[in-house]
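Here the protein sequences line up with chains U and A, keeping their order. The first sequence begins at 5 in our numbering and counts up by one. The second sequence begins at 56 in our numbering and counts up by one. Every residue, glycine too, gets a C-beta built ideally from N, C-alpha and C. The structure presented is a predicted model; accordingly, all values stated were derived computationally and were not measured. Here's the structure we're looking at; comments come further down.
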Amino acid sequence: GDSVTQMEGPVTLSEEAFLTINCTYTATGYPSLFWYVQYPGEGLQLLLKATKADDKGSNKGFEATYRKETTSFHLEKGSVQVSDSAVYFCALLQGAQKLVFGQGTRLTINP
Amino acid sequence: DTAVSQTPKYLVTQMGNDKSIKCEQNLGHDTMYWYKQDSKKFLKIMFSYNNKELIINETVPNRFSPKSPDKAHLNLHINSLELGDSAVYFCASSRGTGNQPQHFGDGTRLSIL
């Protein structure tokens with residue numbers, strides 16, 4: 005079945021560092037891809053999405069590009085802030101609206 | 056304005072009890088979902104309803120019964136609670152059944168004693 009694999013966390017960085025969180029997927033067909041963020045004590049919020057190959061999703065300084073050839077959707081940010089500390093989930097959506105999530109990556113940014 | 060709201064936020068109860076979690080969305084969406092997040096943060100879909108009709112029912116014990124009285128509500132009733140039911144349960148909604156993003160509530164943390 006469809007699956008999503010994210011890089012193992014936790015990830016700890018200093019403020020203004022460059023961030024990459026790897027995400028690869030396995031799916032039949034061409035799913036839509038998403039990054040969701042979960043701040044402490046809150047629900048998931050959609051961060052960005054891409055619906056077809058070579059699409060780039062971007063929001064709040066975060067970017068991810070849908071790479072069909074490598075089945076990847078890595079999340080990047082050029083300069084992280086303390087407020088970016090959260091758990092990040094990569095997910096794919098195909099067919100009957102069933103979101104399949106990766107295991108989540110906890111990110112901590114130190115001042 | 057809260058888009059997807061769940062009640063209660065916290066639920067602590069004894070093993071064997073029956074409990075319900077309520078979810079309401081004011082986004083005008085016609086599809087709603089329940090997800091379970093375990094202690095390792097792994098998220099998995101449980102149910103999905105579109106226009107009050109069940110469309111996704113993952114392998115979930117039949118102690119869990121969703122009920123959708125209308126498009127804006129999807130409640131989750133759990134019978135005979137077990138220790139393994141301890142988790143955070145998230146409600147979500149989306150427009151239609153295409154590739155639309157899902158909007159999540161803040162979750163209900165269920166703890167079984």
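So, using beta-carbon positions, are residue i and residue j closer together than 8 Å?
i                : j                : result
LEU111 (chain U) : SER89 (chain U)  : yes
LEU97 (chain U)  : PHE38 (chain U)  : yes
ASN106 (chain A) : ASP85 (chain A)  : yes
GLN61 (chain A)  : GLY160 (chain A) : yes
Starting from the Cα of residue i, find the closest Cα among the options and give me that residue.
i                : options                              : result
THR9 (chain U)   : U:GLU80, U:THR109, U:LYS53, U:ILE113 : U:THR109
SER36 (chain U)  : U:GLY99, U:GLU20, U:GLN107, U:ILE25  : U:GLY99
LEU165 (chain A) : A:CYS146, A:ASP140, A:GLN155         : A:ASP140
ILE113 (chain U) : U:ASP6, U:PRO14, U:GLY13, U:GLU19    : U:GLU19
HIS158 (chain A) : U:GLY47, U:PHE22, U:ILE25, U:THR16   : U:GLY47
ASP58 (chain U)  : U:SER76, U:ALA21, U:GLY45, U:THR32   : U:SER76
LYS72 (chain U)  : U:LEU23, U:ASN63, U:ALA54, U:PRO14   : U:ALA54
SER87 (chain U)  : U:ALA95, U:THR74, U:PRO44            : U:PRO44
GLY13 (chain U)  : U:LEU23, U:TYR70, U:GLY5, U:GLY82    : U:LEU23
MET70 (chain A)  : A:ARG118, A:GLY162, A:PRO156         : A:ARG118
Just confirm the distance between the C-beta atoms of residue i and residue j, as a whole number of angstroms; I'd bet it's less than 8 Å.
i               : j                : result
TRP89 (chain A) : LEU131 (chain A) : 5 Å
GLN42 (chain U) : PHE93 (chain U)  : 7 Å
LYS91 (chain A) : ALA142 (chain A) : 5 Å
LYS64 (chain A) : LEU136 (chain A) : LYS64 (chain A) to LEU136 (chain A), Cβ: 18 Å. No contact.
**Request:** Would you mind listing the beta strand (DSSP E) stretches within the region 17-60 of chain U that are 3+ residues and don't spill past its ends, in chain order?
**Result:** 23-25, 27-30, 36-42, 48-54
**Request:** Can you give me, in chain order, the residues of the region 93-114 of chain A that have a beta carbon less than 9 Å from any beta carbon in chain U?
**Result:** LYS95, LYS96, PHE97, LEU98, LYS99, ILE100, SER103, ASN105, ILE110, ILE111, GLU113
**Asked** Using a Cβ cut-off of 9 Å, which residues of the region 33-62 of chain U contact any Cβ in chain A, in chain order?
**Response** PRO35, SER36, PHE38, TYR40, GLN42, GLY45, GLU46, GLY47, LEU48, GLN49, LEU50, LYS53, THR55
**Request:** Identify every run of the beta strand (DSSP E) within the region 68-107 of chain A, keeping only runs that are complete inside it and at least 3 residues long; order them along the chain.
**Result:** For the region 68-107 of chain A, whole beta strand (DSSP E) runs of length 3 or above, ordered along the chain, are 74-80, 86-92, 98-105.
**Request:** Closer than 7 Å, Cβ to Cβ, to anything on chain A: give me those residues from the region 96-112 of chain U, in chain order.
**Result:** LEU97, ALA100, GLN101, LYS102, LEU103, PHE105, GLN107, GLY108
**Item:** Positions along the region 137-156 of chain A whose CB lies within less than 7 Å of some CB in chain U
**Value:** PHE145, SER149, THR152, ASN154, PRO156
**Asked** If you measure beta-carbon to beta-carbon, which residues of the region 60-86 of chain U are closer than 8 Å to chain A?
**Response** none
**Message:** Ignoring anything shorter than 3 residues, give me the beta strand (DSSP E) runs that lie fully in the region 53-99 of chain U, in order along the chain.
**Reply:** 60-63, 66-69, 79-81, 90-98
**Asked** Name the residues in the region 14-29 of chain U whose C-beta lies less than 9 Å from a C-beta of chain A; which are they?
**Response** none
**Asked** For the region 133-164 of chain A, which segments carrying the beta strand (DSSP E) assignment without a break, of at least 3 residues, lie completely within its bounds, in sequence order?
**Response** Listed in chain order, they are 142-149.
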